[in-house]
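Those protein sequence lines, which keep their order, are chains A and B.
If you count by the numbering used here, then the first sequence holds residues 26 to 292, one letter each, in order.
If you count by the numbering used here, then the second sequence holds residues 324 to 490, one letter each, in order.
A short write-up of the structure that comes next.
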Amino acid sequence: MQGFTYHRPTSVADAVVLLQSEGASGIAGGMTLLPVMKHRLATPLALVDLSGIAALGGIEVDGETLTIGAMVRHVAVADSPVVAAAIPALAALAAGIGDPAVRNRGTIGGVLANADPSADYPAAVAGLGATIVTDRREIAAEAMFTGLFATVLAPGELIVAVKFPVPLAAAYAKFRSPASRYAIVGVFVARFAAGVRVAVTGARPSVFRVPEMEAALSARFDPAALAGIAIPPDGLNGDIHAEPAFRAHLVGVMAARAVAAAGSGAA
Amino acid sequence: MELKLNVNGRNIKADVPTEMLLVELLRERLGLTGTHIGCDTSQCGACVVHVDGVSVKSCTMLAVAAEGTRVVSIEGLSGPGGGNALHPMQVAFHENHGLQCGFCTPGMIMSAIDFAGRHTAPTEAEVRHWLEGNMCRCTGYQNIVASILAGTAAIHAETSTSSMEAA
Ligand SMILES: Cc1cc2nc3c(=O)[nH]c(=O)nc-3n(C[C@H](O)[C@H](O)[C@H](O)COP(=O)(O)OP(=O)(O)OC[C@H]3O[C@@H](n4cnc5c(N)ncnc54)[C@H](O)[C@@H]3O)c2cc1C
Ligand code: FES
Ligand code: FES
């Protein structure tokens with residue numbers, strides 16, 4: 026790796042100032058950034074380590090909202106009794122990310138900023154209609170992801186926390202790559218009083234919702250309600266793991282599994 | 324950059340380049356070559372060590388990020404002062420033939436000890452799920468899984484005996 030200056034600020038304000046400098050990048054768990062730097066696909070001049078900022082930690086429920094700090098590691102979400110009580114599907118999603126050592130370092134803020142097309146959390150963000158809180162504004166789930174590894178975040182903008190509305194029921198079903206454990210296709214289904222949301226990761230350059238499934242499930246929350254709803258393979262990702270037609274098929278299968286899991290209360 | 328941390332019970336002070344990885348500090352500065360490097364994609368787990376009691380891939384952590392932590396590598400398991408006494412998890416790998424070439428073994432054992440700390444009566448499926456970040460190109464995993472089940476049982480038998488003695 027190439028050399029860089031290293032900072033470990035303790036406040037959001039100091040981090041934001043440091044991130045203004047030429048070539049500066051934040052580092053959270055490093056589980057994506059460091060491999061990318063080893064391959065010289067990123068060569069930051071300064072790294073701003075976010076792990077010393079207490080304000081980026083914490084998991085809490087306030088009424089109908091679960092708030093998770095940007096630096097909260099996957100293991101903490103997976104093991105949290107607060108998450109398990111409010112949105113068990115989110116704890117289960119975190120427990121299925123990568124492997125134990127990845128979960129011990131990787132963070133929710135890092136995943137969302139990175140916007141990998143196969144990452145798991147974007148499905149929960151879109152499926153639950155979460156809000157991304159940054160140092161300067163609040164971003165709705167719909168506005169956050171703009172394409173392959175692309176978000177609406179401005180250079181140097183810091184994710185501070187993610188606010189998830191608590192649903193009546195939810196579940197996440199993922200068909201994982203046996204090599205990396207990332208989602209080949211993952212579907213997050215959430216049922217609210219106002220209706221059902223269905224979000225898909227892994228199948229397109231970024232997460233998307235499926236209005237036909239949402240309408241059908243809002244009318245009848247049962248896997249059978251999905252029968253006959255086909256996802257066209259056009260524009261879906263294709264690679265050595267799965268061609269677009271297979272991914273299109275998997276969206277239906279994973280959605281039905283998620284509905285079944287949410288309906289039975291297991292998630 | 325000036326760095327202070329504790330490695331295998333020893334307080335260490337080192338002046339390291341910011342881009343040095345924790346695994347490079349261990350292997351190249353401290354001569355602790357038991358921790359291996361098997362990939363550059365953070366997938367193989369040969370480099371797993373404990374940082375403040377938690378298993379991490381030392382190839383995917385900056386040495387400077389370990390400031391103030393307690394790091395334990397495979398060399399630190401036999402207790403302070405070294406010696407030939409094996410940790411119960413190492414004994415289990417030995418007895419169950421849990422290794423062939425041994426390249427993956429240090430990472431397997433460090434992951435397995437973290438696993439044992441979180442599971443008292445694990446199932447085989449739980450062990451296999453936990454091992455997703457540790458690759459072995461030799462054994463086919465069967466004996467590794469058997470080793471971890473035996474090692475976990477041995478660790479908990481030991482703690483319950485010592486707590487009985489303490490009582
Ligand atoms: C072997 C392996 C398997 C994996 N499997 C999965 C999987 O199954 N599912 C999955 O979803 N992910 C998976 N991951 C990715 C993992 O979840 C990472 O934790 C994640 O992609 C990045 O999070 P991080 O905290 O490590 O971020 P870093 O690598 O530190 O940072 C990534 C990027 O985000 C930026 N960033 C970090 N925090 C913030 C913030 N608060 N505000 C603004 N920008 C920020 C950084 O500047 C950087 O550009 C895997 C990774 C590995 C190595
Ligand atoms: S060397 Fe392969 S995961 Fe660290
Ligand atoms: S024993 Fe050879 S890689 Fe596992």
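Ideal placement from N, C-alpha and C gives every residue a C-beta, glycine not left out.
**OP:** Confirm the yes/no value for this check: CB of residue 423 of chain B, any heavy atom of ligand 3, distance under 7 angstroms.
**Re:** yes
Original post:
If you check the beta carbons only, do residue 221 of chain A and residue 242 of chain A fall under 8 angstroms apart?
Top reply: yes
**OP:** Report the residue ranges of all beta strand (DSSP E) runs contained in full by the stretch 115-163 of chain A; include only those spanning at least 3 residues, in chain order.
**Re:** 156-159
Subject >> Local Cβ density within 10 Å of residue 490 of chain B, reported as buried at 16 or more and exposed below that >> reply: Any reading at residue 490 of chain B must be qualified, since the residue scores a pLDDT of 49, below 50, and its modelled position is unreliable; the value itself is stated next. Residue 490 of chain B should be labelled exposed.
Original post:
Is there at least one non-hydrogen atom of ligand 1 closer than 7 angstroms to the beta-carbon of residue 203 of chain A?
Top reply: no
**OP:** Would you mind telling me which residues of chain B sit closer than 7 angstroms to residue 26 of chain A, beta carbon to beta carbon, in chain order?
**Re:** 342
Original post:
Within 8 angstroms (strictly less), CB to CB, does residue 200 of chain A reach chain B?
Top reply: no
Original post:
Measuring from the CB of residue 216 of chain A, is there a heavy atom of ligand 3 at a distance below 7 angstroms?
Top reply: no
Original post:
Does the stretch 52-62 of chain A come close enough to the stretch 372-392 of chain B that 3 or more CB-CB pairs lie under 8 angstroms?
Top reply: yes
**OP:** Using only the heavy atoms of ligand 2, determine whether one of them is closer than 7 angstroms to the beta carbon of residue 55 of chain A.
**Re:** no
Subject >> Any non-hydrogen atom of ligand 3 within 7 angstroms of residue 459 of chain B CB >> reply: yes
Original post:
Does ligand 3 have even one heavy atom less than 7 angstroms from the beta-carbon of residue 174 of chain A?
Top reply: no
**OP:** Could you tell me whether any non-hydrogen atom of ligand 2 is closer than 7 angstroms to the CB of residue 427 of chain B?
**Re:** no
Original post:
So residue 201 of chain A packs on residue 209 of chain A, CB below 8 angstroms; how close in whole Å?
Top reply: 7 angstroms
Subject >> Cα-Cα separation, residue 414 of chain B to residue 474 of chain B >> reply: 7 angstroms
Subject >> Beta carbon proximity, residue 123 of chain A to chain B, threshold 8 angstroms >> reply: yes
**OP:** Go to residue 94 of chain A, then tell me how far its alpha helix (DSSP H) extends in each direction, as first and last residue.
**Re:** Note, residue 94 of chain A: premise wrong, no alpha helix (DSSP H); beta strand (DSSP E) at 90-94.
Subject >> Secondary structure of residue 52 of chain A, DSSP reduced to three states >> reply: strand
**OP:** Compare the C-beta of residue 279 of chain A against all C-beta atoms of chain B and say whether one is closer than 8 angstroms.
**Re:** no
**OP:** Tell me, please, which residues DSSP counts as bridged to residue 329 of chain B.
**Re:** B:334 and B:393
**OP:** With 9 angstroms as the limit, tell me which residues of the stretch 343-369 of chain B have their beta carbon closer than that to any beta carbon of chain E; keep them in chain order.
**Re:** The question asks about chain E, but that chain is absent: this structure's protein chains are A and B.
Original post:
Cα-Cα, which of B:379, B:327, B:353 and B:477 is closest to residue 430 of chain B?
Top reply: B:379
Original post:
In whole angstroms, what separates the C-alpha of residue 235 of chain A from that of residue 353 of chain B?
Top reply: 54 angstroms
Subject >> Closer than 8 angstroms to chain B by CB, residue 59 of chain A >> reply: yes
Original post:
Are the C-beta of residue 336 of chain B and some C-beta of chain A separated by less than 8 angstroms?
Top reply: no
Subject >> Closest Cα partner of residue 441 of chain B within the set B:420, B:478 and B:428 >> reply: B:478
Original post:
Taking just the CA atoms, how far does residue 148 of chain A sit from residue 232 of chain A?
Top reply: 6 angstroms
**OP:** Return helix, strand or coil for residue 220 of chain A, following the three-state DSSP convention.
**Re:** strand
**OP:** Report yes if the CB atom of residue 109 of chain A is closer than 8 angstroms to the CB atom of residue 116 of chain A, and no otherwise.
**Re:** yes
Original post:
So does residue 363 of chain B have its beta carbon nearer than 7 angstroms to some heavy atom of ligand 1?
Top reply: no
**OP:** Using a Cβ-Cβ cut-off of 8 angstroms, state whether residue 282 of chain B counts as contacting chain A.
**Re:** This structure does not reach residue 282 of chain B, given that chain B is present from 324 up to 490, and the question cannot be answered.
Subject >> Counterpart residues of residue 296 of chain A in DSSP-defined beta bridges >> reply: The structure shown does not extend to residue 296 of chain A, since chain A is modelled only from 26 to 292, so the question has no answer here.
**OP:** Mind listing the chain B neighbours of residue 56 of chain A? Cutoff is C-beta to C-beta under 7 angstroms, in chain order.
**Re:** 365 and 383
**OP:** Please report the residue range of the alpha helix (DSSP H) in which residue 171 of chain A lies.
**Re:** Run containing residue 171 of chain A: none in the alpha helix (DSSP H); it sits in the beta strand (DSSP E), 170-172.
Original post:
What does a CB cutoff of less than 8 angstroms around residue 159 of chain A pick up in its chain, not counting 5 residues either side in sequence?
Top reply: 178, 182, 183, 184 and 185
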